[in-house]
Ligand code: ADP
Ligand code: MG
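In our numbering, the protein residues as written are 3 to 720.
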């Protein structure tokens, strides 16, 4: 037969994704459950394999049919004379364990279970799924599914369509994994429309064995894969996912659409940190930390893919807009600022040069308006000048096609000049005349083209965000050792009593063990004791009442600030006792006044899936209103805390402000690292909330003045 591919191929050479060649590069395929019924999936899969031009033999298997799709049909896997690498199972769920066992006996390497009726239907299905996984593991068979649409590989020497998808994609450099079968199908169709070529596709269904992380690992080593698309409904193992995406970072873009975006933070939150770290924000943060670009919609995913495949890396977020119409230029400007990009400040030299080549009515400021009479030559000159300006990191070029202008020539000018500039470009072509050719020319050159300036801007924003995140490698956690034993002793005792919120003195002991500064504080049982404590601390002091379940103290009049004498302390304590008299276990805390003025929230909440999530925000009693918090999933990289602070909308408040020098950022950053360590060392800690941490300039003294820690025995978490 003269086929060189096949039996000599080395297998399982891919690190943590061994055996996936058996799925994607099989030498032969059997379809168990092949059917004569024209409208059945069993028939569709056989047809796709043949129509797709699979390069090896295809064996239909069905004990009740002699012929399927004009092919000899086998009674069983064992009856097939030659070796079988890949089996697609399209039989009732209950029969799948038997198919898997037959596969093991036959020496099959990959099994795709299309059948549904497993984990997705409940415990009985889950048991069946586990049984199938067990058989496959023992036999070294890699399993895709169950409950999936199948897999595809368009490599010319393979040409495998082991799916029931109605669309066969064009070959290309994109690899795509979908957790949803139906959406996978739709995306394959759309990819074709969008001109994206697909190299491999997998609908992973329940991901019982092969999931997104294994596939990413497989594709990391495949030089034919240039970009990876993920449609996710849930995460497998975030730790593995992170490790895999680390290898892809900046090398092969990964774009993810994660569904469930709008599902409001369903988690019951007991702390400030918990209430601002809703599930979707955590997913968002996590993907970014992995260097994965998240798309808000499938449409956006395709736009991002087109831009990332063909456009160079932007050196920053300053965008030059070149247009021949004022309105769209302004729309683009608004839109790009709305997506966090900046309008580039063109250099005076650039403006002078532009003025020399443009008519006087044109605008040489960004957005550069070439006005309606702009022909290809004017675009060419202007783009050359703007493209050279080091203040412009990327370009958005708009063209509203006027009747008298040769749109196609303009498109060619855009292609040539932006290519010369070596900067990323996205375009927006509006109007009718000559539009089709212009769009085709741009697309052919790999330049994204949109109908609306907003889309051009948001695509550029995706490109910029991808490369920004790619430049933030996870890195290594800062070295720090807390007094683990001291904390362990406290937690052991509390866990023995069922966990819950730690009492204030224990909170302070835990923080002290990890050198997280808490304002000097003394505890007292009664007003007289409070007065004595205040004497020892020195005035002025802050007095707070404490009792189990007393949470928002200031709301209940349980915080008195700036008390500057013993009498004031005594009276304030008496007043609190009267007000809160009904509470059992009432005690008092006397604190020094923290000298800073800027109140932050520092915190940690343990996400059931992602583990510790660290938070910093503008804090104090208004944290829920301001909602200005940045998050990171632990472990934090060395520079993460600095980035978290920089990301805050109110970041400027932490700099020199109202006559006070900037806060001691370094200390805040160190505290975040220590919280990260504390959470990593002690999985029993479910939540930490320092609110506020009152930040002051360096040398003045920054302290947490209010802190809560919730402990959960590990057994209770299940
Ligand atoms: P709660 O959050 O339960 O209402 P806090 O202990 O956080 O009570 O105190 C409320 C506010 O009082 C803080 O946000 C802060 O502005 C101020 N405050 C509390 N303790 C101190 C302190 N030791 N020094 C300076 N300000 C304080
Ligand atoms: Mg507070």
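Note that CB positions come from ideal geometry on N, CA and C, so glycine has one too. Quantities reported herein were computed from a predicted structural model and do not represent experimental measurements.
- Those residues that have a beta carbon less than 5 angstroms away from any non-hydrogen atom of the ligand MG are, in order along the chain, 693, 708.
- Across the structure, residue 128 and residue 146 are spaced so that their CA atoms are roughly 15 angstroms apart.
- Per DSSP, reduced to three states, the secondary structure at residue 373 is coil, with no helix or strand assignment.
- Listed in chain order, the beta strand (DSSP E) runs fully inside the region 184-263 are 200-205, 229-234, 256-260, counting runs of at least 3 residues.
- Just so you know, the alpha carbons of residue 456 and residue 515 end up roughly 51 angstroms apart.
- Put simply, the backbone Cα of residue 580 is about 15 angstroms away from that of residue 530.
- Rounded to whole angstroms, the separation of the alpha carbons of residue 171 and residue 227 is 15 angstroms.
- DSSP places residue 302 outside any beta strand (DSSP E); the residue lies instead in the alpha helix (DSSP H), whose first and last residues are 300-312.
- Within its own chain, the residues whose Cβ lies closer than 8 angstroms to the Cβ of residue 289, once the five positions on either side in sequence are excluded, are 258, 260, 295, 296, listed in chain order.
- Around the Cβ of residue 41, a 10 Å sphere holds fewer than 16 other Cβ atoms; the residue is exposed.
- Relative to the ligand ADP, residue 609 has its C-beta separated by 8 angstroms or more from all heavy atoms.
- At a threshold of 8 angstroms, residue 594 counts as near the ligand ADP, since its beta carbon sits closer than that to one of the ligand's heavy atoms.
- Under a 10 Å Cβ-count criterion, residue 389 is classified as buried, with 16 or more other Cβ atoms of the shown protein chains found around its own Cβ.
- In the structure shown, the three-state DSSP call for residue 593 is strand.
- Contact annotation, residue 371 with residue 407: C-beta distance approximately 15 angstroms; criterion of less than 8 angstroms not satisfied.
- Excluding sequence positions up to five before and after residue 539, its CB lies within less than 7 angstroms of the CB of 522, 524, 592, 594, all in the same chain and listed in chain order.
- Considering only 36, 355, 131, 232, the residue with the shortest C-alpha distance to residue 89 is 36.
- DSSP lists no bridge partner for residue 105.
- Non-local C-beta neighbours of residue 240 in its own chain, meaning closer than 7 angstroms and more than five positions away in sequence, comprise 288, 611, 612, ordered along the chain.
- Considering only 548, 77, 242, 236, the residue with the shortest C-alpha distance to residue 19 is 242.
- Between residue 512 and residue 545, the C-beta spacing is not below 9 angstroms.
- Pairing residue 466 with residue 450 gives a Cβ-Cβ distance that is not under 9 angstroms.
- Within the chosen limit of 8 angstroms, the ligand ADP reaches the beta carbon of residue 554 through at least one heavy atom.
- Its chain contains 169, 171, 172 as the residues whose beta carbon lies nearer than 7 angstroms to that of residue 194, once the 5 sequence neighbours on both sides are disregarded; these appear in chain order.
- Contact check for residue 115 against residue 148 passes: the beta carbons are separated by less than 9 angstroms.
- Between residue 430 and residue 398, the C-beta spacing is below 9 angstroms.
- Set against 8 angstroms, the gap from the CB of residue 546 to the closest heavy atom of the ligand ADP is smaller.
- Cβ contact annotation for residue 671 (same chain, cutoff 8 angstroms, sequence separation greater than five): 643, 644, 647, in chain order.
- In the structure shown, the three-state DSSP call for residue 675 is helix.
- Taken atom to atom, the span from the alpha-carbon of residue 232 to that of residue 256 is near 7 angstroms.
- Under the 10 Å beta carbon count, residue 705 is surrounded by 16 or more other beta carbons and is classified as buried.
- For residue 445, no beta strand (DSSP E) run applies; the uninterrupted alpha helix (DSSP H) run containing it begins and ends at 437-446, by DSSP.
- Residue burial annotation: residue 506 is buried, with at least 16 other C-beta atoms found within 10 angstroms of its C-beta.
- According to the DSSP assignment, residue 586 belongs to no beta strand (DSSP E), since it is labelled neither H nor E.
- Using a Cβ distance threshold of 9 angstroms, residue 694 and residue 602 count as a contacting pair.
- Here the distance from the Cβ of residue 622 to the nearest heavy atom of the ligand ADP is below 8 angstroms.
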